[in-house]
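Q: Residue numbering for the sequence shown follows this note's numbering, starting at 10 and increasing by one per position.
Can you keep this structure in mind? I'll have questions shortly.
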Amino acid sequence: MRAVESAGTDNAVFRLGDELAVRLPKAEGAEGQAEKERYWLPRLAPHLTLPVPVPVGHGVPGEGFDRPWTVCRWLDGDDAYHAPITDLAHAAVELGRFGVSLRAADATGGPASFRGGPVTAWEEGAMVPAIEALGADGTLDAAAVTGAWEAVLRLPPWRGDPVWVHADLLPGNLLTRDGRLHAVIDFGGLGTGDPACDMMAAWTLLTADTRPLFREASRVDDATWARGRGWALCWGVVTEAYYRGKNPVLASVAHRTHTEALADFP
């Protein structure tokens with residue numbers, strides 16, 4: 010069994026032989042992810058347009074490890090942190106189609122996602138102090154970000170039925186082969202709610218000229234796209250403020266995300 014290098018904060022991943030992977034929750038809040046993935050991924054996978062790591066076994070808390078854990082099929086490829094996607098146009102379209110297929114699956118009985126509500130329910134007041142902290146050292150333009158954030162707070166909420174969301178479509182949760190998007194992994198945030206959080210990929214991963222491809226393939230309305238941009242701004246600022254000095258890979262992605270999102274505000 011070999012450890013897999015990852016910038017993820019919730020689970021440690023190990024490769025078991027050539028065909029399997031073991032996911033061990035390392036964060037207290039991640040304890041329920043294994044059971045959720047074990048129940049829902051086999052039901053969702055047949056409907057999805059990209060490969061996902063379907064669990065084939067699980068472990069229960071016991072001597073040596075006190076949390077539930079999972080064994081899933083190993084998917085070839087490298088995460089997009091370590092092997093960046095070079096064909097972003099292809100990724101934009103395929104990731105958009107993946108989101109459509111996920112949202113089309115029956116969400117009856119699905120758990121609420123931790124990012125399935127309004128962005129303010131996720132940030133819980135962390136955005137303003139994060140803006141102040143990053144603005145104090147010139148990391149961002151505090152006045153510009155504050156203005157954009159105020160616009161986000163004025164957006165109307167999602168009023169549709171809850172749909173499935175991955176909720177964490179960061180580069181580290183996307184596998185690449187030969188520079189192309191190949192698979193989506195880490196469904197620890199899987200749940201139901203507002204699809205806006207999955208629009209964040211437009212700013213975490215894509216560029217100004219490939220975002221329109223993702224938007225078209227995602228088939229979302231203007232309001233959902235605007236909320237997604239708000240998620241990208243907020244997630245980027247709050248995450249960079251928290252992880253700089255702790256997780257430089259994640260902090261770098263967060264910085265890119267809020268910078269790209271801010272540039273897209275009218």
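Just so you know, even glycine gets a beta-carbon here, dropped at the ideal spot from N, CA and C.
Assess, as a yes-or-no matter, whether the segment 44-60 is touched by the segment 110-120 under the definition of 3 or more beta carbon pairs within less than 8 angstroms.
A: Enough Cβ pairs lie closer than 8 angstroms, so yes.
Q: What number of angstroms, rounded off, separates the C-alpha of Tyr251 from the C-alpha of Leu29?
A: Their Cα atoms are separated by approximately 33 angstroms.
Q: Using alpha carbons as the reference points, say which of Thr266, Ala116, Val258 and Thr219 lies closest to Pro204.
A: Of the listed residues, the one whose Cα sits closest to Pro204 is Ala116.
Q: Considering only C-alpha positions, which residue in the set Leu183, Leu199, Trp167 and Pro34 is nearest to Asp229?
A: Sequence inspection shows Val at residue 229; the Asp mentioned does not correspond to that position. Considering only alpha carbons, the answer is Trp167.
Q: Go ahead and pull the three-state DSSP assignment for Ala135.
A: Three-state result, Ala135: coil.
Q: From the DSSP output, read off the bridge partner residues of Asn256.
A: According to DSSP, which records beta bridges pairwise, Asn256 is partnered with nothing at all.
Q: Compare the C-alpha of Pro7 against each of Gly134, Arg189 and Glu44 and name the closest.
A: Coverage of the chain is limited to positions 10 through 275, which leaves residue 7 absent and any answer about it impossible.
Q: For Gly126, collect the residues of the same chain with a Cβ closer than 7 angstroms to its Cβ; drop the 5 residues on either side in sequence, then sort them by chain order.
A: Contacts found: Gly202 and Asp203.
Q: From Leu215 to Val102, what does the alpha carbon distance come to, in whole angstroms?
A: Distance between the alpha carbons of Leu215 and Val102: 11 angstroms.
Q: Assuming Asp85 contacts Arg186 (C-beta within less than 8 angstroms), just tell me the rounded distance between them.
A: Right, their Cβ atoms sit about 7 angstroms apart.
Q: Tell me the rounded alpha-carbon separation between Pro64 and Trp173.
A: So the alpha carbons of these two residues sit roughly 18 angstroms apart.
Q: Could you pull out every residue in the same chain whose Cβ sits closer than 7 angstroms to the Cβ of Leu50, ignoring the five residues on either side in sequence?
A: The residues are Val61, Val63, Pro64 and Phe196.
Q: If contacts are defined as beta-carbon pairs under 8 angstroms, then Leu164 and Gly239 qualify, I think. What distance do you get, rounded to the angstrom?
A: Yes, they are in contact, since the Cβ atoms of Leu164 and Gly239 sit about 6 angstroms apart, within 8 angstroms.
Q: Note down, in chain order, each residue of its chain lying with its Cβ closer than 7 angstroms to the Cβ of Phe107, except the 5 sequence neighbours on either side.
A: Contacts found: Leu57, Thr58, Leu59 and Val193.
Q: Under the DSSP definition of a beta bridge, which residues are partnered with Phe23?
A: Partner(s): Ala12 and Val31.
Q: What separation, rounded to the nearest whole angstrom, lies between the Cα atoms of Thr129 and Gly41?
A: Whole-angstrom Cα-Cα distance: 23 angstroms.
Q: With DSSP as the reference, identify every bridge partner of Cys290, one or two as the case may be.
A: This structure gives no information on residue 290, because the portion of the chain shown stretches from 10 to 275.
Q: Looking only at its chain, what residues have a beta carbon closer than 7 angstroms to the beta carbon of His175, apart from the 5 residues adjacent to it on each side?
A: Around His175: Leu111, Val193, Phe196, Gly198, Leu199 and Asp207.
Q: If you follow the alpha helix (DSSP H) that Arg220 is in, where does it begin and where does it stop?
A: That run of the alpha helix (DSSP H) goes Arg220 to Ser227.
Q: For the putative contact between Val154 and Val246, defined by C-beta atoms under 8 angstroms, what is the C-beta separation to the nearest angstrom?
A: Val154 to Val246, Cβ: 6 angstroms. Contact.
Q: Identify the continuous beta strand (DSSP E) that holds Ala114 and give its terminal residues.
A: Neither: Ala114 is in no beta strand (DSSP E) and is coded neither H nor E.
Q: Measuring only the C-alpha atoms, how far is His191 from Ala92?
A: Answer to the nearest angstrom: the Cα atoms are 12 angstroms apart.
Q: To the nearest angstrom, how far is the alpha carbon of Trp244 from that of His267?
A: Rounded to whole angstroms, Trp244 to His267 spans 7 angstroms at the Cα level.
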